[in-house]
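There are 2 protein chains.
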Amino acid sequence: MIRHHIAATALAMATSFCFAQTSPPPIKEDFKPSVLNQPGQEYPQVNSQGYARFRIHAPAADSVRVSLGLGGRGGTKLTKDADGYWTGTTAGPLDEGFHYYHVFVDGGKFNDPGTLNFYGSVRWESGIEIPAHDQDFYALKDVPHGQVVQILFPSKSTGTSRRAFVYLPPDYHKDLNKRYPVLYLQHGWGEDETAWTNQGRANLIMDNLIAEGKIKPFIIVMTYGMTNEIRFGQLRQFDITPFQTVLVDELIPYIDANFRTLTDQPNRAMAGLSMGGMETRLITLNKPDVFSHYALLSGGIYSPEDIKDKSKVKLIFLSCGSKERPERIKTATEELQKAGFNAVSYISEGTAHEFQTWRRSLYQLAPLLFRD
Amino acid sequence: MIRHHIAATALAMATSFCFAQTSPPPIKEDFKPSVLNQPGQEYPQVNSQGYARFRIHAPAADSVRVSLGLGGRGGTKLTKDADGYWTGTTAGPLDEGFHYYHVFVDGGKFNDPGTLNFYGSVRWESGIEIPAHDQDFYALKDVPHGQVVQILFPSKSTGTSRRAFVYLPPDYHKDLNKRYPVLYLQHGWGEDETAWTNQGRANLIMDNLIAEGKIKPFIIVMTYGMTNEIRFGQLRQFDITPFQTVLVDELIPYIDANFRTLTDQPNRAMAGLSMGGMETRLITLNKPDVFSHYALLSGGIYSPEDIKDKSKVKLIFLSCGSKERPERIKTATEELQKAGFNAVSYISEGTAHEFQTWRRSLYQLAPLLFRD
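Quick note, the sequences are listed as chains V and Y, same order.
Take any residue in the first sequence, note its place counting from 1, add 44, and you have its number in the numbering used here.
Take any residue in the second sequence, note its place counting from 1, add 44, and you have its number in the numbering used here.
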């Protein structure tokens, strides 16, 4: 069940970007550079309605097209001016938040030189940000900032040093006797351990929540959720064992040995988006003595019968975008609640299988963690 | 003087990549994917002689060219096969180590979709790695690894939170009473605070030196060395004051408050490559009570008369590649030694104004720092 759901929603992500409305309004000429542009770059731009405008220099090209912008596979076709710049605007406004895209130049797939790259779809992709009405919660503000620590931890099972990023709350270096609960947070298919901070702004979400006193500070650990090359169509045959070994037998002991963590089960949570939700579900069910808080973000559901010992589960959090399958999340949450679980659902309004859904989900999830 | 030198060498870097020899040997067909390729990507490739081979998919393009590969501005022209792939090999072997490059597709400048990107020339550029005979010193090995910590520190003078990366040695979290000396390490023109770890592998160089017991562990701090958009030709008018304020009045106090540092002048060093050397020279001369160890990597020289109080300087380290102006470095070092300074020079054999020179320079510099 869960595997089919993941495959369906992620495939939808890869091929369609929904518009906020089908009959586009007149385009306002208040375009500004996207906040994700490389230093000094004027394009791509975004206007106040959520339209995106692209501009690519390729004077001798015959065809330039951007993958973003239409409800299907067509994207946005650019047209050339006398100076060799190709320009085009999406046919309608895009959903709020972060979108991956790329550029086809005479049939070759490249990134937009104007913008930063983000790892998704098993490649570094161009990214663009449509300002959201609620962007304040992940904005860079003048508040105390936590650290994002890159670690290389030894992994005997995979025969290498593996990378993870560790978010430490702003007060971590103040009181050297204080210990913290830990959330293990997984990316989606085709992404890696950079996604939750680069695309998701998880560190800024935490900094802001902590500054406002809305959460109990905790550590977040983000690592790469694959142990071999996985093609998208192979997810049905996915074997969780190798990654579970890396996470539970190698990473967790390393984190507990190198950071001031609370090491008991009630103080350890796991969450993941999309494929990371599938991994979270499998690992939490396999290892009920390791994690106490479970969260699946656009990543499927738990049924009451999945869980053997209800007393070991302190929270189940299920979320998705309103453009995904929200009824399924709501129904599953109600069933869990009826069975006596502390289950919470969250539906991100007006968003699909994209990072704005998951930024908002983390913002909703964080205050529910480690509350005792 | 120093400003002219920087401008000349960096301009050379931007327009030429020297070959190891002028009459190329027969090409060995033992090409392998570059270690900097994106996951699963077969191209670009490198052979055992240092030739690079590129392969780009652009079926409808009329012209594809790679910026790397000839002694001048031409680069490597690729030719198209029946499947729409453009392939080409450099006309000669490249220098050992890391090289930036990009791809021209029908006149537009793009990155190679096969490889990772690195910030240089004020843009994220493609990177390729030519295996070096001495690559062991910056290899990822099964040794204890330090952490690379991303911090966001408040900067009143620039009105924002600025980013820095902090390398912490592997034992930092073991003995919570131990304090460490600090090296402030600057990137070159067009690069940013990611360069020393991404291109330079500074963290792996340190991990390996510490594992072999060759250095006293210390902290490295890397931040962005510009406070406004600087075009290359404007370096002569460069004003060090804004960055000096960020570094000395904002970053150093933040580091000393948030990490277990030794905060006295004898335990603080500054080094920089190219433009970062120019900055190092100006700031160390302006602030003799802040830094005690100075290092310019392809970044100019000090003259004895530059320094007012010799007793405050514990080390001057000057380096460059043998394909730069090594005589100037050697002569300056001799003059400093004659004047009674503890001055050391290092010339990287067979390399130019590129990162292999600076990786080796850091490897030579680190054991000389904080020795007493």
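Beta carbons are placed, not taken as given, at the ideal position from N, Cα and C, and that holds for glycine.
Being a predicted model, the structure only gives us computed values, none of them experimental.
Against residue 348 of chain Y, chain V offers no close residue; the least beta-carbon distance is about 38 Å (beta-carbon pairs closer than 8 Å). The stretch 149-165 of chain V makes contact with the stretch 86-104 of chain Y, as at least three CB pairs between them are under 8 Å.
184, 186, 189, 191, 192, 193, 194, 195, 196, 198, 205: these are the residues of the stretch 174-207 of chain V whose beta carbon lies less than 7 Å from some beta carbon of chain Y, given in chain order. Cβ contact annotation for residue 288 of chain Y (same chain, cutoff 6 Å, sequence separation greater than five): 327, in chain order. Using a Cβ-Cβ cut-off of 9 Å, residue 293 of chain Y does not count as an interface residue toward chain V, since no Cβ of chain V sits closer than that to its own. Residue 78 of chain Y and residue 156 of chain Y have their C-alpha atoms spaced approximately 12 Å apart.
Taking a C-beta cut-off of 7 Å against chain V, none of the residues of the stretch 238-249 of chain Y qualify.
Taking one beta carbon from each stretch, the stretch 208-216 of chain Y and the stretch 183-196 of chain Y have 3 or more pairs nearer than 8 Å; the two touch. According to DSSP, residue 207 of chain Y shares a beta bridge with Y:196. Ranked by Cα distance from residue 306 of chain V, the options V:90, V:221, V:92 are led by V:221. For a cut-off of 8 Å, the C-beta gap from residue 355 of chain Y to residue 318 of chain Y is around 29 Å, too long to register as a contact. Residues 199 of the same chain have their beta carbon placed closer than 6 Å to that of residue 294 of chain V, with the five preceding and five following residues left out of the count. At the C-beta level, residue 349 of chain V and residue 269 of chain V stay beyond 9 Å of one another.
Residue nearest to residue 131 of chain Y within the set Y:377, Y:375, Y:239, Y:110 is Y:110 (criterion: CA-CA distance).
Residues of the same chain with a CB within less than 8 Å of the CB of residue 169 of chain Y, apart from the 5 flanking positions on each side, are 144, 145, 146, 155, 161, 162, 163 in chain order. Between residue 345 of chain V and residue 373 of chain V, the gap from beta carbon to beta carbon is short of 9 Å. Residue 99 of chain Y is not a Cβ neighbour of residue 91 of chain Y, given a cutoff of 9 Å. Of Y:89, Y:388, Y:173, Y:81, the smallest CA-CA separation from residue 73 of chain Y is found for Y:89.
Under the DSSP assignment, residue 319 of chain V falls in the alpha helix (DSSP H) whose first and last residues are 319-330.
Shown here for residue 122 of chain V: same chain residues with a beta carbon closer than 7 Å to its own, the five before and five after excluded, namely 98, 100, 108, 109, 110, 130, 131, 132 in chain order. The beta carbons of residue 259 of chain V and residue 246 of chain V sit no closer together than 9 Å. Listed in chain order, the beta strand (DSSP E) elements of length 3 or more contained wholly in the stretch 66-138 of chain Y are 96-101, 108-110, 129-133. Interface flag for residue 74 of chain Y against chain V is unset, since no Cβ pair is found closer than 9 Å. Between residue 262 of chain V and residue 225 of chain V, the beta carbon gap of about 4 Å places them in contact (Cβ cut-off 8 Å).
Against residue 100 of chain Y, the close residues of chain V are 152, in the order they occur along the chain (beta-carbon pairs closer than 8 Å). Taking all protein chains shown into account, residue 281 of chain V has fewer than 16 neighbouring C-beta atoms within 10 Å of its C-beta and is therefore exposed. Within the stretch 126-138 of chain Y, the residues whose Cβ lies closer than 7 Å to some Cβ of chain V are 128, listed in chain order. For residue 231 of chain Y, no Cβ of chain V is located within less than 9 Å of the residue's own Cβ.
Taken atom to atom, the span from the alpha-carbon of residue 84 of chain V to that of residue 337 of chain Y is near 34 Å.
Check the Cα spacing between residue 86 of chain Y and each of Y:135, Y:158, Y:125: the tightest is with Y:158. If you check the CB distance, residue 403 of chain V and residue 136 of chain V do not come in under 9 Å.
As computed with DSSP, residue 152 of chain Y is found in a beta bridge with Y:149.
As computed with DSSP, residue 305 of chain Y is found in a beta bridge with Y:224. Residue 204 of chain V is classed as exposed because its beta carbon has fewer than 16 other beta carbons within 10 Å across all chains shown. For a cut-off of 8 Å, the C-beta gap from residue 409 of chain V to residue 301 of chain V is around 27 Å, too long to register as a contact. Taking a Cβ-Cβ threshold of 8 Å, none of the residues of chain Y is close to residue 77 of chain V; the smallest such distance is about 13 Å.
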